[in-house]
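Asks: I have a structure here, written as structure tokens, and I will follow up with some questions on it.
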Amino acid sequence: MRQIMTGKKFIRKIEDFTCEFCGKKVKGSGYTDHCPYCLFSKHVDLFPGDRKAKCKGLMEPLGVMKQKGKWRIYYRCLKCGRKRFNKVDSKDNWKMITALSANPLKLHGLN
Ligand SMILES: [Zn+2]
Ligand SMILES: [Zn+2]
């Protein structure tokens, strides 16, 4: 993990990680919260970016939806079942996103 100081107080964390699902090495941009190849994420945040969740389960991408002109990926944690949305990153595999967009989302039960 590298840390970059931008200004006096704000610390942007840049974390490279190895995807636990497809095994590819992912270069962190500071905002990366999922694998751009297979789109799997990890349950590490209670709130986006805080890295405070103790679960650390793999989060499976179930579908995508467009909100206010931006695509979001809908995830469910394989370990604890928690559901959440993540923003799509410009580096993401658009073939995967297009494939996911073919799945109609069942949003009831989303907390
Ligand atoms: Zn992956
Ligand atoms: Zn979880």
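885 is the number that my numbering gives to position 84 of the sequence shown; each next residue is one higher, with no gaps. Just so it is clear, CB atoms sit at the ideal spot from N, CA and C, and this is done for glycine as well. Since this is a predicted model, take the numbers as computed values, not measurements.
#1: When you compare the segment 866-876 with the segment 849-857, are there three or more beta-carbon pairs, one atom per stretch, that lie closer than 8 Å?
#2: Locate the alpha helix (DSSP H) running through LYS859, then write down its first and last residues.
#3: Using a Cβ-based criterion (distance less than 7 Å to any ligand heavy atom), does ARG852 qualify as near ligand 2?
#4: According to the neighbour-count rule (16 or more other Cβ atoms, all chains shown, within 10 Å of its Cβ), is LYS843 buried or exposed?
#5: Going along the chain, which residues put their C-beta within less than 6 Å of some heavy atom in ligand 1?
#6: Spatial neighbours of CYS878 within its chain, please: CB distance less than 7 Å, with the 5 preceding and 5 following residues excluded, ordered by chain position.
#7: Name the residue from TYR838, CYS839, SER830 and LEU840 whose alpha carbon lies nearest to the alpha carbon of GLY754.
#8: Given ASN887, which residues of its chain have a CB within under 7 Å of its CB, disregarding the five upstream and five downstream residues?
#9: Is the beta carbon of LYS828 less than 8 Å from the beta carbon of ASP817?
#10: Name the DSSP beta bridge partners of ASN887, please?
#11: Note the first and the last residue of the continuous alpha helix (DSSP H) segment covering LYS896.
Replies: Inspection of the coordinates gives the following:
#1: When Cβ pairs closer than 8 Å are counted between the two stretches, the segment 866-876 is seen not to touch the segment 849-857, the count staying below three.
#2: Here residue 859 refers to the residue found at position 58 when the sequence shown is read from its first residue. The sequence shown places Leu at residue 859, rather than the Lys named in the question. It is not in any alpha helix (DSSP H) - LEU859 instead sits in the beta strand (DSSP E) that spans 859-868.
#3: Reading the sequence shown from its first residue, position 51 is the one you call residue 852. Every heavy atom of ligand 2 is 7 Å or more from the Cβ of ARG852, so no.
#4: Sequence index remark: in the sequence shown, residue 843 carries index 42 (1-based). Buried is the call here.
#5: Having a Cβ closer than 6 Å to some heavy atom of ligand 1 are CYS820, PHE822, CYS823, LYS825, CYS836, TYR838, CYS839 and PHE841.
#6: Looking up residue 878 in the sequence shown gives position 77. In its chain, beyond the 5 residues on either side, HIS844, CYS856, GLY858 and MET860 have a beta carbon closer than 7 Å to the beta carbon of CYS878.
#7: Any answer about residue 754 is impossible in this case: the structure gives the chain only from 802 up to 912.
#8: Taking the sequence shown and counting its residues from 1, one reaches residue 887 at position 86. Cβ neighbours of ASN887 within its own chain (closer than 7 Å, five residues either side excluded): ASP834, HIS835, SER842, ARG873, ILE874 and TYR876.
#9: Residue mapping note: residue 828 aligns to position 27 of the sequence shown, counting from 1. Residue mapping note: residue 817 aligns to position 16 of the sequence shown, counting from 1. Here LYS828 is near ASP817, since their CB atoms are less than 8 Å apart.
#10: In the sequence shown, the residue the question calls residue 887 occupies position 86. Partner(s): ILE874.
#11: Start at 1 with the first residue of the sequence shown, and residue 896 comes out as number 95. 895-902 is the span of the alpha helix (DSSP H), which, as asked, contains LYS896.
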